[in-house]
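See below for the structure under consideration.
Residue numbers (full-length UniProt numbering): 1 to 125.
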């Protein structure tokens, strides 16, 4: 039985790796095309940049801009901020970016959790 579990676990990891794209920018940052899909059917992107003590993982303010480019739905912005903060992420009110700063050992988890948060928030629009 545990052999089957190990095989399934391995296959999940392989599938996730095949369905995740990473592009490095000239400044050293990364754009990660996750396998998560938002309410519009679009790929969820996460942006990572190296900081002095770890990594900054964010959406670059793109999700809320996509949902409401004119920033006219203040209730949606407040709800999105509450969701982000409740999940342990920060919310920049000026840029509407959802982000978190993490150490290297928490990087993969922070990326995937942010992708999931973006999926959830995308349904507010």
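The beta carbon of each residue, even a glycine, is placed where N, CA and C say it ideally should be. Keep in mind that this is a model prediction, so the values were computed, not measured.
| If you drop the 5 nearest sequence neighbours on each side, which residues of the same chain put their C-beta closer than 7 Å to that of residue 117? | One-based indexing of the chain shown puts residue 117 at position 117. 83, 84, 87, 89 and 98, listed in sequence order.
| Out of 12, 111 and 80, which has the shortest C-alpha to C-alpha gap to residue 55? | Here residue 55 refers to the residue found at position 55 of the chain shown. The residue with the shortest Cα to Cα distance from residue 55 is 111.
| Between residue 74 and residue 119, what straight-line distance do the alpha-carbon atoms span, to the nearest angstrom? | The residue labelled residue 74 in the question sits at position 74 within the chain shown. The residue labelled residue 119 in the question sits at position 119 within the chain shown. Going by the C-alpha atoms only, they are around 19 Å apart.
| request: Spell out the partners DSSP gives residue 58 in its beta bridges. | output: In the chain shown, counting from the first residue as 1, residue 58 sits at position 58. According to DSSP, which records beta bridges pairwise, residue 58 is partnered with 47 and 99.
| field | Endpoints, beta strand (DSSP E) assigned at residue 30 | value | The residue given as residue 30 occupies position 30 in the chain shown. Looking at the DSSP string, the run of the beta strand (DSSP E) that includes residue 30 is 30 to 37.
| request: Kindly list the residues whose CB is nearer than 7 Å to the CB of residue 35, restricted to its own chain and excluding five residues on each side of it in sequence; keep chain order. | output: By 1-based counting over the chain shown, the position of residue 35 is 35. Excluding residues within five positions, the ones whose Cβ falls inside 7 Å are 16, 19 and 20.
| message | Can you check which of these residues, 78, 50 and 60, is closest to residue 26 by C-alpha distance? | response | Start at 1 with the first residue of the chain shown, and residue 26 comes out as number 26. Taking only the C-alpha atoms, the option nearest residue 26 is 50.
| field | Cβ pair residue 61, residue 95 closer than 9 Å | value | Indexing the chain shown from 1 puts residue 61 at position 61. Indexing the chain shown from 1 puts residue 95 at position 95. Going by C-beta atoms, residue 61 is nearer than 9 Å to residue 95.
| Does DSSP put residue 41 in a helix, in a strand, or in coil? | In the chain shown, residue 41 corresponds to position 41, counting from 1. Residue 41: coil per DSSP, three-state reduction.
| query | From the DSSP output, which residues share a beta bridge with residue 109? | reply | Start at 1 with the first residue of the chain shown, and residue 109 comes out as number 109. Answer is none; residue 109 lacks a bridge partner.
| Three-state secondary structure (DSSP) of residue 68 | For this step, residue 68 is matched to residue 68 along the chain shown. Note: residue 68 maps to coil in three-state DSSP.
| said: What would DSSP say about residue 88, mapped onto helix, strand or coil? | reply: Translated into positions along the chain shown, residue 88 becomes position 88. It is coil, neither helix nor strand.
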